[in-house]
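Undergrad: Dropping a structure here in structure tokens format, bear with me for questions.
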Amino acid sequence: MFGLKDDWELEVPERYFTLEDYEGGTARWCPGCGDLAVLTAVQRICRDEQLPPEKTVCVSGIGCSSRFPHYMKTYGFHGLHGRALPVACGVKSRRPDLTVWVATGDGDCCSIGAGHWVHAIRYNMDMVVMLFDNAIYGLTKNQTSPTSPQGLHTNTHPRGAWLPPLNPTAATLGFANVSFVAQTVDWNPAHLYATLVRAYEHKGLSFVRILQRCPTYTSQVFAEMQKDPSQLLLLTGGDNPELDAATARTFPNQQAHDSRDLAAARRVAEQHEPLPIGVLYRDPERPRYEDFTTVGLGMSDADKLVGLERELDKFSV
Amino acid sequence: MFGLKDDWELEVPERYFTLEDYEGGTARWCPGCGDLAVLTAVQRICRDEQLPPEKTVCVSGIGCSSRFPHYMKTYGFHGLHGRALPVACGVKSRRPDLTVWVATGDGDCCSIGAGHWVHAIRYNMDMVVMLFDNAIYGLTKNQTSPTSPQGLHTNTHPRGAWLPPLNPTAATLGFANVSFVAQTVDWNPAHLYATLVRAYEHKGLSFVRILQRCPTYTSQVFAEMQKDPSQLLLLTGGDNPELDAATARTFPNQQAHDSRDLAAARRVAEQHEPLPIGVLYRDPERPRYEDFTTVGLGMSDADKLVGLERELDKFSV
Amino acid sequence: MTSTTPGAGATAARPGKAPAQRVREHIVEIVSDSGEGAQKAGQTYGAVSAKMGNGVWTVEIIPAEIKPPARSRAGASGIRVRVGSEKVTNTGDQADLVVALNEQVLYGRIEQKAYKPGTIVLLESKWAKDPREEVRRDYAAALVEFRALGLDVREVALEEACQQVAQDVRVGKNMFVLGMLCHITCRDLDRAMEEVAFVFAKKGPAVIARNQDLVRAGHAFGEQVLEQRYEIPPREITRRMMVLNGNQAIALGVMAAGIEMVAMYPITPATSVSHHLASAFRGVGGVVHQAEDEIAAIGFAIGASYAGKTACTVTSGPGLALKTEFLGLAVMAEVPLVFVLVQRGGPSTGLPTKVEQGDLLAALYGQPGDTPKIVIAPATIEECLHFVVTARKLAEAFRMPVMLLTDANLATGVQPIPRPEVAADWLAPPLDQSPWQQGVTAYDWDLDTGLSPRPVPGQKGGEYVLTGLAHTKNAKVAYDPDSNQTGCAMRSRKLAVFGESLRPPQVHGDAEGDLLVVGWGSTLGSIEEAVDRARAEGQRVSALHLRFLSPLEPGLAEIFARFRRVVTVEINYSDAPGAPHVTKDNRRIAQLAQLLRTHTLMDIDCWSNVAGQPIQPGAIHAEISRRLQALRGES
Amino acid sequence: MTSTTPGAGATAARPGKAPAQRVREHIVEIVSDSGEGAQKAGQTYGAVSAKMGNGVWTVEIIPAEIKPPARSRAGASGIRVRVGSEKVTNTGDQADLVVALNEQVLYGRIEQKAYKPGTIVLLESKWAKDPREEVRRDYAAALVEFRALGLDVREVALEEACQQVAQDVRVGKNMFVLGMLCHITCRDLDRAMEEVAFVFAKKGPAVIARNQDLVRAGHAFGEQVLEQRYEIPPREITRRMMVLNGNQAIALGVMAAGIEMVAMYPITPATSVSHHLASAFRGVGGVVHQAEDEIAAIGFAIGASYAGKTACTVTSGPGLALKTEFLGLAVMAEVPLVFVLVQRGGPSTGLPTKVEQGDLLAALYGQPGDTPKIVIAPATIEECLHFVVTARKLAEAFRMPVMLLTDANLATGVQPIPRPEVAADWLAPPLDQSPWQQGVTAYDWDLDTGLSPRPVPGQKGGEYVLTGLAHTKNAKVAYDPDSNQTGCAMRSRKLAVFGESLRPPQVHGDAEGDLLVVGWGSTLGSIEEAVDRARAEGQRVSALHLRFLSPLEPGLAEIFARFRRVVTVEINYSDAPGAPHVTKDNRRIAQLAQLLRTHTLMDIDCWSNVAGQPIQPGAIHAEISRRLQALRGES
Ligand SMILES: Cc1ncc(C[n+]2csc(CCOP(=O)(O)OP(=O)(O)O)c2C)c(N)n1
Ligand SMILES: Cc1ncc(C[n+]2csc(CCOP(=O)(O)OP(=O)(O)O)c2C)c(N)n1
Ligand code: SF4
Ligand code: SF4
Ligand SMILES: [Mg+2]
Ligand SMILES: [Mg+2]
């Protein structure tokens, strides 16, 4: 299948993967950076789902968060700023056997990569897209991002960011063929983990916006929210993950949400105070682009040659 | 003001512009192409609003529809495929005195230009953006566009387009700082004209999706709708234009719509049968980017020199 | 002399069976408003000729607008067919015979220098009787103007004659014209009937019969139109041939190369490669991805290639511009990729449907930093097919992008070529998913050659992170001076190593002489034809055609040294030597010439233009003569 | 010899007042973990020196990560300050004196060849007593290793000493170090006090006083640290000076040039231009647009320029790649635009914070088709400011984009330069909104010069449609052969005409000799310093520095001809001559060398690397000596 060599066999049964099998060297983010929490969550999911490291690909753009693949001991593609999604889609297009994780920043995805974002949502290929939203350009040192709060003082807007921020979940919910949109925060490991598991389980493109602390540049942006759980609104029911009772109790605000209702999801996505977290929307029935791109994947050389001769015939005189 | 030469005077009072003053040579679109109707509507608005041709700039990308500026006798910028919006924003940024019209195609705006589309909506600069949506790549001869109906046979998808189409109005309504979204059809000149007038009047970026007939490649796409007015749903009330009674009567389906209600607008934007036309959404209060970019526009040379010396002082030892 | 029916300004004449004059070649054009079927008629005419064993080159005349208004000067839609006894390699000089369905469309062709004094123009005469006065006036004026230019205009009441057989003249006229041309140029009528049956096969027997009747009627009518007939004796066909254009050849090459993914964004004149693939690729298990833009297209292809799949992207100038950044990444991260660039007129949007060879330097140097890559340029339609196969092999062997530069001339030119014998080993080997060898790094550069094996996702133990940052052989990001120097050297080294497998190019003509004409890409046919003509006149001129632009084929300096003068002929911009303010010192020269100068330090001159047209052999021949004469003056 | 307090491994010593040794220059580095304030200390040290009248070059040492972990090898954060009696034009060779707050950060610097045997290293000694065993072990090992390399390591109990005055050592240590360095290198303590007051002005008198105390304490402590003191006699200051880096100079240049719009997208090392402008631009009525990406940034700038406003875009390699298509449009449609390119290590994402001169060919040839434009390269921080003014003038006079190539070396190097006398006529003239002259077309090319006046929206009667398609002088789309040829020729002609206003560049040194070293951009200081050293030794070597890359300055061939050998020194890739498989024939050479070869057909050699470091004068000097020796061998 898929042009695999005959002599290759999947050896999964003989192997058991531990967390270490996914740990690719010491992460070099700033102390307290939320990226680390996400890394840990993904490594745990890989372990819990026993994903063979060689069949797992982490794709990213450029930014602090896009260093993600370097800290995974899987295959990785740390490409160009804003271009994680086309690469990830290309990887998946003819390799449906690979598990694809995408790490992208608010600048990477929502600014320079915005066009690909619109279209990757529409392609709806089976992958988890993690938007590390720290409301700032981290790697280039403190410039305004599309999700920076209006008035935020940055190096490019020293008198405060001019415009109201873009809302990544609301925008995504307006794109055609959207199939999974969730929101979570890096500082609640249980919710983060559970949400990413849901994303992983969904067949199609799972878009997860992760509010991510950047203590170096935007410590103030999520500080309140982090201290005061009442600023979060836990979505429950529907496709939302079941949290253990202890974790669930830490959320004073909870709301049952029908994640199959697009209009409801859009309404919820507009909310800020408290900020909804959980699965906003899911539609398991949306067509996936790989259903088209994988056609013919297993074709034998003999069949290809027959096909080729047939094509040559069409031009022959 | 705005660095204009002292000896220049606005002579508008002495001039009266006729339609001819906006007609820039024979349009070279295919017979029956809907682009012509839009051109005529814009020329009429220019005349009716008595816009000085020299103060009017039409900006476009590349595509059949992007030939638009060539047929206007105003200033024009027929730039690069997908890049009409950044150019238009640049024009407006320091020339708030100019009226800017943008002509862009469904490929130009929603495919290659999608990233700029997201952000131009957010900048919300005062201009009218006309999306000529013929559901196809016209100029390059019949390739699938993001708005092509699923199953449409094109040169790149001879067995039918794979994915469900992107909905330009629904997407735009998900972008931050959106201030005006309307939808109309090229084959109803009264509604087209009235809608574009509303767009012109709105201060901020007015995004108007115009369903545009392409008899050459997608004659079937809007044919039914064109023949059968019951496939359209006329939005009324709120910011919607008042149509004359005769025109209004031709719409069997009408619906009162609160164009200040974003959720309602999004709901309406999802409707297809019948297809809503009119102003889906308007918010006159959104910040406009030119409020920031025009700061300092009128500064005198003397003041600039003072400012400059002050800056040099900061580095001086 | 001309039409059968008395029409305004048409002289009645009834020649008998016209005598056939033997010619070595003959160029016809059919020009009309768009939608009149001229192209179908011409293609069929070309196919008939190819089947007869003639050399053929067909090229469509495409108007700038999708559907220009009727009778517009810039709206010429049509086709040119050059038929010869020998192999025909280019579109040729000015036409011998033109069938024009109205007079206005001829203006554009005249502007493009398609005709010469003496070109016979068979012009539809109905306009002389048009109810609109301005039409009659324009028609009359054109007749005067065309004749003043020396065109041999014959008014022909085509529509009137056709009406007698056609249900709908507008639809049928093209086949009538086909028949007429078959008569005039002695094409085999039976083959024409066969070909018509083939072309209309899908439409059913009634349509076939109707069209065959039209051809027959046109054939009969042809007798009455022109006293001359031309015979272009064919050669016996010994190999199985295919008739196709360069873009179709590339599409077939993609399939034959075992490439399984082409990611693209529509752009003229590259798009038709994907049109063809979109319908055919499935037959060999491949897929076309129409991306949201060019950046995404190349990114998608690179992603697929990273994942071990053979991938290709196809574009033209503006698309190349957008792919610049990803192309640099592919070089840096050593991702195999076949990059097909169908060049068109530039700069910027330029002349989208016209030919230019103006992207050579952008391909070589366009990406910031040092980006060694292989750049090759097929010179014929046949090479368009085979070079894709080569490109894929090289991309994988050298773990780098390979660029294939063609142009609008190759893309749209149609020619019979030998049908290739495709072998299974052209196809991609199955994806290697065996465990990666322990101890081998992700970029395990052979320090001598720069070559390294490539791990592919799925290979256990090969896990690495591809990055566009400077990196070590372990694929680890590194900012130290030595790592970057080493990485750059290894990537560059591969070109030196590949270059060693190349042989010096063959000189066409004598190995020494007065003048060497150097070219690349689609100009091969015209250049060699021009050189052959000059050589037949006894001139000491030869031609050299380069297929490899990076690395260059070896031995160029030695070859050049054996000629008194070396000049490149290219379709791209160079300052005209005598132009105001242009000196020998500041002259901006053509792109290959520039490359060859820095490479050989020899005074390579250039002769180039950006007229957007294939360079005609006649024009090259004239330039050769001019230069040789100047040289004789010198010595 | 070392610390005042008995610490593990530190020898107690109490030297008296150290004697001051007069030196012509002195290079110090302060290296530490990030966040320890080393850069502020060094900048203040540099400013004090500049005010004293010394030549100064300061450059920050920036770690790859935002906040690398403490004590990490790649995490060195710090600063290098080169102080001289004369003007200092570059970062110099290996350091004379290093203050290191931990031993680990020294590894990265050693790797980057920043030190030499004999470099004095004042190393914080507290690590010897660290509670963590591995820290003590690492520290001990490093001492051995560093001393084996010949470094003159002196352990100093810095923190301990500082603790006696500082509220918080972590925050105060940098000022303590500043004081210590002021003592060792005989900096004027009063000026240092002034400067500290200036730096902390915003924080109020208490903070100022506390920091001044720290400086004083450090100064006193300095007496006890090192027996040597160094005196670098300054020269009298005759002009008002400014101390700034190249990016700040560009920002000031933008303001001085009357540019009113800078559209950019953040990218290292260009971003800081926009940081500076974002806070300062408002003072002269200008605005920075942070666009959604680089494509939008240049599009926005082009839009503003089309509308008659002076506009600029600033970027680095990957951004240049993305701007390729719009840059081509600006050339084609003749839109004035100042395009600042701050080069960094490539290809691809490469070495984002490191220097390279690798984008010259991409700037010149990166855009498909023929895209003549002016390309200039400032060679000094002062020129960074002035060349922007020039660029704007040229862009408007020649109606084309002007590219200004700087690099990370200029961007981050800090130097005193004469304060410019800004004139009102540097600013943009008011927008011309007077009616357009009847009968003048939108591209009313002077057929001799290619120049044309430009209508601006608002000008009545000037209405035209700018297009990237081939067009006539009326700005009408045209597909005919002549229009495109003419348009291309007119755009190219402007370069020839501009070139006539250039004069041959000045040779630094004798006008003839054995070796000419040719450079461009930021290497000026190092090259000339190296050449001066070699000349002082009696070598027949000179230097030539090019500021204009397109068009090239005239007379180069004549200048080159007066030297036996010509070699470019560049920071970009070239194959090493002796490397495996690299021959004279296939060697891939440095970018300026390539340009000069095709231009002069002379055998220009190159010496270049992609180590990501400024090329040190000592290294160039060594290379000069090597080459001259080889030459002597030859003759
Ligand atoms: C084409 C290009 N433009 C700009 C950059 C510089 N750059 C690197 S990362 C980045 C933005 C980072 O912000 P974000 O995506 O939010 O990621 P974060 O660092 O915050 O995780 C930018 C502008 C680049 N590398 N390439
Ligand atoms: C960078 C670039 N890519 C591709 C093209 C080719 N191209 C021109 S127009 C067009 C699409 C036209 O479709 P649309 O925007 O819907 O406009 P329409 O012709 O339908 O009005 C394309 C792909 C181009 N000119 N430039
Ligand atoms: S700058 Fe912010 S986002 Fe980047 S690593 Fe540091 S804390 Fe994380
Ligand atoms: S192809 Fe379609 S969109 Fe283009 S001009 Fe013709 S009808 Fe209009
Ligand atoms: Mg971010
Ligand atoms: Mg369209």
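Chains as they are written, first to last, in my numbering: chain D, 92 to 408; chain E, 92 to 408; chain W, 106 to 740; chain A, 106 to 740. Each residue gets a CB set at the ideal place from its N, CA and C atoms; glycine is no exception. Since we're looking at a predicted model, the values are computed, not measured.
State buried or exposed for A/P473, treating a residue as buried only when at least 16 other CB atoms are found within 10 Å of its CB.
TA: buried
Undergrad: Taking 6 Å as the cut-off, does the CB of A/C267 come closer than this to any heavy atom belonging to ligand 3?
TA: A/C267: no, Cβ never under 6 Å from ligand 3.
Undergrad: Measure the CB-CB distance between W/P759 and W/S182 and report whether it falls below 7 Å.
TA: With chain W covering 106 to 740 only, the question about residue 759 of chain W has no answer from this structure.
Undergrad: What number of angstroms, rounded off, separates the C-alpha of D/V385 from the C-alpha of D/R379?
TA: Checking the displayed sequence, the identity of residue 385 of chain D turns out to be Thr instead of Val. Each residue's alpha carbon lies about 11 Å from the other.
Undergrad: Excluding the 5 residues flanking D/D404 on each side, which residues of the same chain have their C-beta closer than 6 Å to its C-beta?
TA: none
Undergrad: Rounded to the nearest angstrom, what separates A/V274 and D/E364 at their Cα positions?
TA: Across the structure, A/V274 and D/E364 are spaced so that their CA atoms are roughly 42 Å apart.
Undergrad: Given a threshold of 16 other Cβ atoms within 10 Å of its Cβ, counted over all protein chains shown, does D/L222 qualify as buried or as exposed?
TA: buried
Undergrad: Using C-beta distances below 6 Å, list every residue in its chain close to A/Q557, excluding the 5 sequence neighbours before and after it, in chain order.
TA: Note on identity: in this sequence residue 557 of chain A is Ser, with Gln being the wrong assignment. So the qualifying residues of the chain are Y548, D549, W550.
Undergrad: Using 6 Å as the cut-off, classify the Cβ of D/N225 as near or not near the heavy atoms of ligand 1, replying yes or no.
TA: yes
Undergrad: Would you verify that the beta carbon of D/Y166 is, or is not, closer than 7 Å to some beta carbon of chain A?
TA: no
Undergrad: Using a C-beta to C-beta distance shorter than 8 Å, which residues of chain W count as neighbours of E/G229?
TA: Within chain W, the residues near E/G229 are I171.
Undergrad: Using CA coordinates, which residue listed in A/K599, A/W625, A/L649 is at the minimum distance from A/G618?
TA: A/L649
Undergrad: In chain W, which residues lie less than 7 Å from D/C180 when you measure between Cβ atoms?
TA: F405, G408
Undergrad: Beta-carbon separation of A/I481 and A/F492 under 7 Å?
TA: yes
Undergrad: Identify whether E/W208 lies in helix, strand or coil by the three-state DSSP scheme.
TA: helix
Undergrad: Are the C-beta atoms of A/G388 and some chain E residue less than 7 Å apart?
TA: yes
Undergrad: Here's the rule I'm using: 16 or more other beta-carbon atoms within 10 Å means buried, otherwise exposed. How should E/S270 be labelled?
TA: buried
Undergrad: How is the alpha helix (DSSP H) around A/F281 delimited, first residue to last?
TA: Per DSSP, the unbroken alpha helix (DSSP H) holding A/F281 starts and ends at 274-289.
Undergrad: Measuring CB to CB, does A/D198 end up less than 7 Å from A/Q721?
TA: Yes, these two residues count as a Cβ contact at 7 Å.
Undergrad: Which residues, taken in chain order from the segment 242-276 of chain D, show a beta carbon closer than 7 Å to some beta carbon of chain A?
TA: N246, T247, H248, P249
Undergrad: Can you have a look at A/R640 and say buried or exposed, based on whether 16 or more other CB atoms are within 10 angstroms of its CB?
TA: buried
Undergrad: Determine, using beta carbons only, whether W/A84 and W/A406 come nearer to each other than 7 Å.
TA: Examination of residue 84 of chain W is not possible in this model, given that chain W is present from 106 through 740 alone.
Undergrad: A/E134 bridges to which residues according to DSSP?
TA: A/R185, A/V203
Undergrad: List the residues of chain D whose Cβ lies closer than 8 Å to the Cβ of A/A760, in chain order.
TA: Residue 760 of chain A is absent from the model: chain A starts at 106 and stops at 740.
Undergrad: Does any residue of chain D have a CB that is nearer than 7 Å to the CB of E/G206?
TA: yes
Undergrad: Where does the unbroken beta strand (DSSP E) through D/H218 begin, and where does it stop?
TA: What sits at residue 218 of chain D in the sequence shown is Met, not His. Here the beta strand (DSSP E) through D/M218 covers 218-224.
Undergrad: Going by C-alpha to C-alpha distance, which of E/Q234, E/V148, E/T165, E/G328 sits closest to E/D217?
TA: Checked all of E/Q234, E/V148, E/T165, E/G328; the closest Cα to E/D217 is E/V148.
Undergrad: At 4 residues or longer, and completely inside the segment 556-642 of chain W: list those alpha helix (DSSP H) runs for me, N to C.
TA: 586-604, 629-641
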